[in-house]
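Below you'll find the structure, written out as structure tokens, and then a few comments.
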Amino acid sequence: MQAQTAKKKAIVVVSFGTSYPETLKLNIESVENRIREAFPDYEVRRAFTSRTVISLLAKRDGVRTDNEVQALERLRTDGFQEVYIQPLHIVPGAEYDKIRRMVNQYAHAKDRAFEKIRLSRPLLYAMGQDNHPDDYEIAIKALASQLPEFEPASAVVLMGHGGMHPANAAYGVFQLKLEDAGLANTYIYTVEGYPSLDRIIGKLKQKQVKKVTLMPFLLVAGDHAAKDMAGEAEDSAKSQLLAAGFEVDVYFRGLGENKAFQDIYVAHLQAAIDHPPHGHII
Numbered sequence: 001m002q003a004q005t006a007k008k009k010a011i012v013v014v015s016f017g018t019s020y021p022e023t024l025k026l027n028i029e030s031v032e033n034r035i036r037e038a039f040p041d042y043e044v045r046r047a048f049t050s051r052t053v054i055s056l057l058a059k060r061d062g063v064r065t066d067n068e069v070q071a072l073e074r075l076r077t078d079g080f081q082e083v084y085i086q087p088l089h090i091v092p093g094a095e096y097d098k099i100r101r102m103v104n105q106y107a108h109a110k111d112r113a114f115e116k117i118r119l120s121r122p123l124l125y126a127m128g129q130d131n132h133p134d135d136y137e138i139a140i141k142a143l144a145s146q147l148p149e150f151e152p153a154s155a156v157v158l159m160g161h162g163g164m165h166p167a168n169a170a171y172g173v174f175q176l177k178l179e180d181a182g183l184a185n186t187y188i189y190t191v192e193g194y195p196s197l198d199r200i201i202g203k204l205k206q207k208q209v210k211k212v213t214l215m216p217f218l219l220v221a222g223d224h225a226a227k228d229m230a231g232e233a234e235d236s237a238k239s240q241l242l243a244a245g246f247e248v249d250v251y252f253r254g255l256g257e258n259k260a261f262q263d264i265y266v267a268h269l270q271a272a273i274d275h276p277p278h279g280h281i282i
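Everything in the sequence shown is counted per this note's numbering, starting at 1 for the first residue and increasing by one.
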């Protein structure tokens, strides 16, 4: 009697992507490699959701990268039966919704491409309700490992992306959770949405802060970090803070470089594999 052939299992690590080669290696590839270490029985593949980034890498560097649909179709062609998708997004916003809709289509198609397909959750999703973990508290503990030593006249200002999507409210929740964790001099603002940098500057002045450390609350320290946060233009966060009279330091590393954040994505993926309600219910 022949032994049953093992099912082919794959993990697709999906991010918006970046056109900065060194940032790609430090922040995205490092998470992918951490996932490979944690799940040696799975094929781990990359997908970007940004068609602009994919096109730029192809034209400039001759590097081919699948988008999220191409990655799944390639797995179908290669005969994989079980597929798990781990998004590297911070909040369940527009890019996450794009992936969720795609996974739903595959999961409920009459001619199913895979025996099992599951979507894991982004960095910030659950808040401790219904026996789910509190992703915010876990992320704050990971963040604490890269924060400078506390000084009364100093503060850390985190830059998130933000946008029109309702998930942008996660940043306001994160601010409240920072306060609950005792990080009273750590603030978060978004490039596109609320909380605004103007609001944070007002808070800093009220607390008589003298020195600010700017830090990206993004997977990668790419365009937004280089231009919107630390750029020399007068509307960058650094320029606005300097103009407001603060001394400014810049911590120019994405969250993907931090092993504690890498481990969060591994934990979310493990939850999606072992306990679907702790991942994402399709």
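Idealized CB from N, CA, C, for every residue including glycine. For clarity, every value in this text was computed on a predicted model and none was experimentally measured.
With 16 other Cβ atoms within 10 Å as the buried cut-off, status of residue i
i	result
residue 247	exposed
residue 92	buried
residue 145	exposed
residue 106	buried
residue 153	exposed
residue 179	exposed
residue 195	buried
residue 77	exposed
residue 199	exposed
residue 161	buried
residue 202	exposed
residue 130	exposed
residue 86	buried
residue 268	buried
residue 14	buried
residue 262	buried
residue 221	buried
residue 229	buried
For residue i, the nearest candidate out of the options (CA to CA)
i	options	result
residue 260	231, 170, 139	139
residue 22	253, 8, 265	253
residue 135	119, 10, 90, 106	90
residue 64	256, 19, 80, 30	19
residue 211	250, 224, 271, 141	250
residue 61	53, 163, 68	53
residue 6	192, 42, 127	42
residue 8	31, 81, 15	81
residue 217	175, 231, 270	175
residue 190	220, 222, 171, 122	171
residue 66	51, 79, 59	51
residue 101	32, 119, 58, 224	119
residue 149	40, 185, 45, 49	185
residue 204	147, 241, 31	241
residue 55	233, 264, 16	16
residue 193	163, 264, 208	163
residue 213	38, 187, 108, 125	187
residue 10	30, 28, 38	38
residue 173	25, 133, 127	127
residue 46	58, 57, 28	28
residue 49	133, 12, 110	12
N- and C-terminal bounds of the beta strand (DSSP E) containing residue i
i	result
residue 13	9-15
residue 46	43-48
Range covered by the alpha helix (DSSP H) that runs through residue i
i	result
residue 94	94-108
residue 70	68-77
residue 213	Unbroken run through residue 213 is the beta strand (DSSP E), 211-216; no alpha helix (DSSP H).
residue 177	169-180
residue 20	Looking at the DSSP string, residue 20 is not in any alpha helix (DSSP H), and its letter there is neither H nor E.
residue 64	No alpha helix (DSSP H) holds residue 64; DSSP gives it neither H nor E.
residue 38	30-38
residue 268	259-274
residue 242	237-243
residue 198	197-206
DSSP bridge partner residues for residue i (one or two, in chain order)
i	result
residue 186	156
residue 250	214
residue 134	127
residue 87	14
residue 117	83
residue 192	162
On the three-pair Cβ rule with 8 Å, is the stretch 70-79 touching the stretch 99-114?
Cβ pair count under 8 Å is three or more, so yes.
Touching or not, the stretch 161-168 and the stretch 91-108, by the rule of three or more beta carbon pairs under 8 Å?
Counting Cβ pairs under 8 Å, three or more are found: they touch.
Is it the case that the stretch 234-245 contacts the stretch 266-274, given that we only count it when at least three CB pairs across the two stretches are under 8 Å?
In short, these stretches do not touch, since the Cβ pair count stays below three.
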